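Just so we're aligned, residue 1 is where the sequence shown starts under the working numbering, counting upward by one. Here a beta-carbon is modelled for each residue, glycine too, at the ideal position from N, C-alpha and C. This structure is a prediction, so every number in the text was calculated from the model and none was measured. Everything below concerns the one structure shown next.
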Amino acid sequence: TYFGRNAVGGAINVVTKKPVDYFEANAELGYASFDTKRAQGMINIPVVEGLLAIRASGQYEKSDGYIRNINPIGGGNDSEYYTGRIQARLTPLDNLTWDFTYSYSDETLGMRNGVPTGFVTRTWAAVYYGATAGLIADPDGVGFFPDNTNEVNFNRPQEVGSTFEYYSSRAVWDFGPVEATLVAGHLESDLFNYGDVDGGSIDFFYENLLLHRESTSGELRFQSTGSQVLDWSFGAFYGKDTGDSDQQTFHGADSPLCPAFTNGDCEGFEVTGGEGFSTSRYFALFAQGTLNFTDQLSATAGLRYSWEKVTNTSQTSSNTIITGTNDRSATFEDISPKFTLTYKPNPALMVYATASRGFKSGGTQTSNSAQLRNEFDPETLWNYEVGAKFDLFDNRVRVDITGFYMDWKDVQQTIRFQFIDPGTGLLRGVSGIANAASAESYGVEGSFSASLTPRWTLAGQLGYNKSKYRDYPNALIDGQILDLTGQQLTTAPKWTAGAQTQYTLPLGSFEGFVRGEWSYRSKMISNPYYYLYKTVPGEPFLSPSYHNVNLRLGFENDNIRVVGYVENLFKAKYYANAYEKAFYSGSQVEPSFREFGISVGYSF
């Protein structure tokens with residue numbers, strides 16, 4: 001549990017069901033479109049009643065994928081995924097609970113998910129076509145999105161994937177008025193990307209990429225228990241993260257960038273390369289208190305001190321020539337407060353107001369670049385919220401509404417592009433972090449859930465978010481300096497909405513159900529390249545708005561559950577992400593697809 005370390009908009013809290021002191025188990029099989037097969041199961045065993053229980057779960061999935069490579073080498077985004085978790089709960093004393101967890105997952109795909117758009121950015125337009133950026137790509141036998149949603153044509157095999165391994169231990173000791181919690185954990189992950197990188201049928205380039213990450217952390221926390229005038233907690237947190245990166249892009253047989261000394265025969269020579277090692281050590285102290293003035297009115301104040309030291313060493317090269325070395329470190333400190341006022345005039349109504357400061361540590365660049373500072377600053381955020389939660393009609397309707405304003409300083413922006421060095425003719429890459437001076441967003445989020453009848457439920461969500469850079473006069477986008485002051489932030493759609501409804505009915509010894517789900521997202525800037533290319537016809541970096549509908553129906557009882565479903569019922573064409581590499585057929589997007597499926601489960 002990181003308690004919001006380096007979090008801007010909040011922290012992710014993953015909760016899994018813990019071992020219990022009785023036997024239970026379940027198994028589920030599923031089949032879906034694209035020959036997708038799924039299996040999962042769980043078993044809970046009380047090894048020693050009242051002392052030790054173990055819970056194990058696992059999942060396996062294999063699919064042909066929804067994108068096909070028409071090249072003779074075959075393949076596509078076929079995938080194989082498996083994961084497992086085992087947990088043990090030890091209760092040696094009535095007031096001591098000690099949990100242990102081990103988790104492992106492995107996923108491999110036959111390619112990066114994406115189809116070409118035909119839009120080629122400035123560097124690759126010059127390299128491949130001797131032209132300026134635009135819709136100039138060769139259709140390469142497959143065409144472009146949205147006409148093409150499921151075909152690619154690459155000549156070298158790809159393999160993309162990741163592994164993840166996690167160990168943790170959590171002990172909770174209840175001393176009566178005080179509870180102590182000790183958490184320790186270690187995780188390791190690998191991310192890899194091998195093979196074709198130009199996305200086309202001509203053998204231009206291929207790559208090897210491996211990222212290895214490790215993280216070890218621990219936390220000690222004390223907190224009050226029960227109902228008191230003053231509820232409190234305090235603690236300390238320490239951790240260390242390390243990372244290794246190793247990346248090379250190689251010339252293919254038809255590379256347009258062969259060095260002169262190879263006489264046009266450069267297959268297998270390195271185009272660009274980079275390797276690096278990074279370390280981050282961090283420490284935090286935190287405390288929070290809630291003063292309960294009455295049963296209806298309370299005030300909360302919290303404070304967090306953070307310290308972090310970041311170290312990076314790296315080396316970059318192009319055509320075997322070293323283009324940069326790096327050995328840097330930087331230290332950052334921060335104090336972030338939080339204040340909340342809560343009022344509950346009756347059990348069916350709560351209103352609150354909160355102000356909190358978030359902190360995301362700065363760092364050093366992992367490579368040398370004249371376009372980027374050697375260090376980037378911490379990102380800070382003040383978040384202000386007012387909201388209400390209330391029940392209506394004898395608790396059959398629940399409503400939650402929140403208004404917010406976020407004020408960012410030194411917003412961290414990822415910078416990544418490649419260019420041909422005019423002095424040497426070498427392909428150079430720029431990758432790092434830059435700071436936008438300031439940004440803001442404000443809006444409203446609301447949701448409701450209603451029991452219209454004992455068998456019919458309805459829920460809905462609506463969000464409005466207005467965001468912009470208040471001051472960003474020197475944004476570096478694909479090698480160009482732009483003034484983005486007043487522009488909308490990336491990945492921040494103005495409108496989001498959703499609705500769900502479910503109806504149940506008796507079917508003999510079973511209960512049947514049918515459920516419909518609808519979601520909407522307005523258009524969204526999915527990639528910073530949009531700011532540079534927004535006036536160029538055909539740019540794909542502004543993701544269009546979309547509506548999506550899912551349908552599920554099935555029946556279940558205490559032991560058996562059968563569900564059939566269709567996701568993206570009306571086969572809406574949309575994408576959430578557009579990205580650029582050395583693509584011959586243009587930047588790629590991850591297309592939507594329709595999927596039919598069925599699952600059958602049994603619980604013991």
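Here Lys468 is near Leu489, since their CB atoms are less than 8 Å apart. Between the segment 385–395 and the segment 413–433, the count of Cβ pairs shorter than 8 Å is below three; the stretches do not touch. The continuous beta strand (DSSP E) containing Arg304 extends over residues 297–318.
Leu484 sits in coil when the DSSP states are folded into three classes, being neither helix nor strand. Distance from the CA atom of Arg594 to the CA atom of Ala299, rounded to whole angstroms, is 49 Å. Apart from the 5 residues on each side of it in sequence, Leu210 sits with its Cβ closer than 6 Å to the Cβ of Phe192, Asp246 in its chain, given in chain order. Ala184 and Pro256 have their C-alpha atoms roughly 51 Å apart. About 32 Å separates the beta carbon of Asp241 from that of Ser224, a gap too long to meet the 8 Å contact definition. Cβ atoms of Val142 and Ile67 stay farther apart than 8 Å, at about 10 Å. Setting aside the 5 residues that flank it on each side, Pro493 is surrounded in the same chain by Arg521, Ser522, Met524, each with a C-beta closer than 6 Å to its C-beta; the list follows chain order. In the structure shown, the three-state DSSP call for Phe261 is helix. If you compare the alpha carbons of Thr320, Asn208, Thr316, Arg357 with that of Thr262, the shortest gap goes to Thr320.
A Cβ-Cβ separation of about 6 Å places Arg112 in contact with Val160 under the 8 Å criterion. CA-to-CA, the gap between Thr313 and Gln371 works out to about 19 Å. A residue is called buried when at least 16 other Cβ atoms come within 10 angstroms of its Cβ; Arg122 meets this threshold and is buried. By the Cβ neighbour-count rule, Ala348 is exposed, with fewer than 16 other Cβ atoms within 10 Å of its own. According to the DSSP assignment, Tyr529 belongs to the alpha helix (DSSP H) that extends over 529–533. The DSSP-derived three-state label of Ala126 is helix. Taking the C-beta atoms as reference points, Glu385 is found nearer than 8 Å to Ala353. Using a Cβ distance threshold of 8 Å, Gly601 and Asn26 count as a contacting pair.
Non-local C-beta neighbours of Leu458 in its own chain, meaning closer than 6 Å and more than five positions away in sequence, comprise Ala450, Leu452, Thr501, ordered along the chain.
According to the DSSP assignment, Val444 belongs to the beta strand (DSSP E) that extends over 427–453.
With fewer than 16 other CB atoms across the displayed protein chains lying within 10 angstroms of its CB, Ile560 is exposed.
Nearest to Thr294 by alpha-carbon distance, out of Pro345, Phe283, Asp198, is Pro345. By the C-beta density criterion, Val271 is buried, having at least 16 other C-beta atoms within 10 angstroms. Around the Cβ of Pro72, a 10 Å sphere holds fewer than 16 other Cβ atoms; the residue is exposed.
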